[in-house]
Amino acid sequence: MIEKKYIEMKEPFSGNRVINIYLPNDYNERRKKYPVLYMFDGHNLFFDEEAAFGKSWGMKEYLENNDTQLIVVGIQCSFEGNERMSEYSPYDLNYDGEFIEGKGDKYLDWMINVIKPMIDSEYRTKTDKKNTLIGGSSMGGLMAAYAGIKYSDVFSKCICISPSFELCYDKFMNDAIASQSQKGTKFFMSIGSIELELNNTAVKFTSYMLELCHILQSKGANCYPRVVIGGEHNEASWEKQIPAFMEYLL
1161 MIEKKYIEMK EPFSGNRVIN IYLPNDYNER RKKYPVLYMF DGHNLFFDEE AAFGKSWGMK
1221 EYLENNDTQL IVVGIQCSFE GNERMSEYSP YDLNYDGEFI EGKGDKYLDW MINVIKPMID
1281 SEYRTKTDKK NTLIGGSSMG GLMAAYAGIK YSDVFSKCIC ISPSFELCYD KFMNDAIASQ
1341 SQKGTKFFMS IGSIELELNN TAVKFTSYML ELCHILQSKG ANCYPRVVIG GEHNEASWEK
1401 QIPAFMEYLL
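If you're matching positions, the sequence shown starts at 1161 in the working numbering and goes up one per residue.
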C-alpha cells in the first residue's frame, strides 16, 4: 500500500514535494512497529508513470511479493534547474562551469528534524538508529553515504548505489576520516561495470569505493562494496540490486 503526502518546502528550498510512503502488507492488520527506510528520488521508486525516465525501481512489487517488514519513505527531488544537485550535494560544486551551492547538510537536517518526526508521529515506526535506514542512487547514493558518516547517530544502514563520489571525493574522504565511531553502521555500496566502462573510470572508482570502505571499517562499520557485472546507471539496473541490499541490511 502506498500513501502520499504533499509537503510545502521552506527556504532555502523551494516548491512542493510529494512523499510516497510504502506500508507493509499487514500494516492495517497488526499493531506492530516497523523499521523505516528513507529514500532519495522517491518519485522513481514505485510507479513507472511517476519515474523521471519512465522506469521505476519496481520496489513496491518486491516489497509486497516478499512481505518485507519495512516502511519505505520516498521523498521526491526538486525538478527546478540544478536544485536536485544542490540539495543532494554536501559540498559546493563547480559543475560544467556553473557554481552549485551544496545544500546537503541543510537537506539532511530537514529530513531528520522535520520529515522523520512527522513519519514517526503518524505511523507505527521503530524510531531508534538500529531501525532507521537511508538510501539512494547517483547523487542520492552520495547523500546516503554522507548521511551515514555525518549522522551515524540517526542512520544505521546506508544504501549507496552508483554514488557520485567523483564530484567531491577529496572532501568526502576528509569527512570520512574525521568521522566518529561507525560501530553499528552498515554500508552497501555498488557500481555497475557498464557505467564504469562508459566513463573509463573502472580503476579510479573501484579504488575510491574500496578506500572508503577501508576507512569506514577501521572505525567499526560493516561495508559491502560491490561491482555489478552488466550494471548500468539507471533504474532498471538498480531494481535488480534490491534483493542484495535488502538481504544484507535487514
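Glycine included, each C-beta is placed from N, C-alpha and C at the ideal position.
Beta-carbon separation of residue i and residue j under 9 Å?
i, j, result
"Tyr1283", "Tyr1194", "yes"
"Phe1315", "Thr1345", "yes"
"Ala1211", "Glu1395", "yes"
"Phe1239", "Gly1175", "yes"
"Ile1275", "Ile1167", "yes"
"Gly1214", "Phe1206", "no"
"Ala1362", "Arg1386", "no"
"Ser1324", "Lys1379", "no"
"Ala1307", "Phe1332", "no"
"Lys1289", "Ser1322", "no"
"Asp1269", "Asp1227", "no"
"Lys1170", "Asn1180", "no"
"Ser1216", "Glu1407", "no"
Count the other C-beta atoms from every protein chain shown that fall within 10 angstroms of the C-beta of residue i, then say buried if there are 16 or more, exposed otherwise.
i, result
"Leu1372", "buried"
"Asn1204", "buried"
"Met1299", "buried"
"Pro1250", "buried"
"Leu1184", "Residue identity check: residue 1184 is Pro in the sequence provided, not Leu. Answer is buried; the Cβ neighbour count reaches 16."
"Ile1319", "buried"
"Asn1225", "exposed"
"Leu1172", "One detail in the question is off: residue 1172 reads as Pro in this sequence, not Leu. When all chains shown are included, Pro1172 counts as exposed."
"Ile1337", "exposed"
"Asn1334", "exposed"
"Ser1341", "exposed"
"Ser1281", "exposed"
"Glu1357", "exposed"
"Glu1355", "buried"
"Asn1188", "exposed"
"Asn1273", "exposed"
Taking the alpha helix (DSSP H) that residue i belongs to, which residues open and close that run?
i, result
"Ile1337", "Tyr1329 to Ala1338"
"Thr1366", "Ala1362 to Ser1378"
"Trp1268", "Correcting the residue identity first, residue 1268 is Leu in this sequence and not Trp. Unbroken alpha helix (DSSP H) run through Leu1268: Gly1264 to Trp1270."
"Glu1282", "Lys1276 to Glu1282"
"Met1349", "Segment Lys1346 to Gly1352 is the beta strand (DSSP E) holding Met1349; no alpha helix (DSSP H) there."
"Glu1224", "Met1219 to Asn1225"
"Leu1409", "Ile1402 to Leu1409"
Going along the chain, which residues of its own chain have a beta-carbon closer than 6 Å to the beta-carbon of residue i, five neighbours each way excluded?
i, result
"Ile1389", "Ser1353"
"Tyr1267", "Glu1247"
"Ser1397", "Gly1352 and Gly1391"
"Lys1286", "Lys1193 and Pro1195"
"Cys1383", "Phe1347, Cys1373, Leu1376 and Gln1377"
"Gly1301", "Cys1320, Ile1321, Ser1322 and Pro1323"
Whose C-beta lies closer than 8 Å to the C-beta of residue i among residues of the same chain, with five residues either side of it excluded?
i, result
"Asp1265", "Pro1250 and Lys1310"
"Leu1409", "Leu1293, Lys1317, Ile1319, Lys1346 and Phe1348"
"Tyr1329", "Tyr1368"
"Asn1242", "Tyr1255, Glu1258 and Ile1260"
"Glu1370", "Contrary to the premise, residue 1370 reads as Leu rather than Glu in this sequence. Pro1385, listed in sequence order."
"Leu1223", "Tyr1182, Pro1184, Leu1230 and Val1232"
What are the boundary residues of the beta strand (DSSP E) that residue i is part of?
i, result
"Pro1385", "Asn1382 to Val1388"
"Leu1197", "Val1196 to Phe1200"
"Arg1177", "Asn1176 to Tyr1182"
By Cβ distance below 7 Å, which residues in the same chain neighbour residue i in space, the five residues on each side in sequence not counted?
i, result
"Gln1229", "Pro1184 and Tyr1194"
"Gln1401", "Ile1321, Ser1350 and Val1388"
"Ile1279", "Val1196, Val1233 and Thr1285"
"Lys1220", "Ile1162, Tyr1182 and Phe1206"
"Arg1177", "Ile1167, Met1169, Ile1235 and Gln1236"
If contact is defined by three or more beta carbon pairs under 8 Å, each pair taking one atom from either stretch, is the region 1183-1198 in contact with the region 1228-1245? The region 1228-1245 makes contact with the region 1183-1198, as at least three CB pairs between them are under 8 Å.
If you pair each beta-carbon of the region 1237-1248 with each one of the region 1261-1272, do three or more pairs fall below 8 Å? Yes, since at least three Cβ pairs between the region 1237-1248 and the region 1261-1272 fall closer than 8 Å, the two stretches touch.
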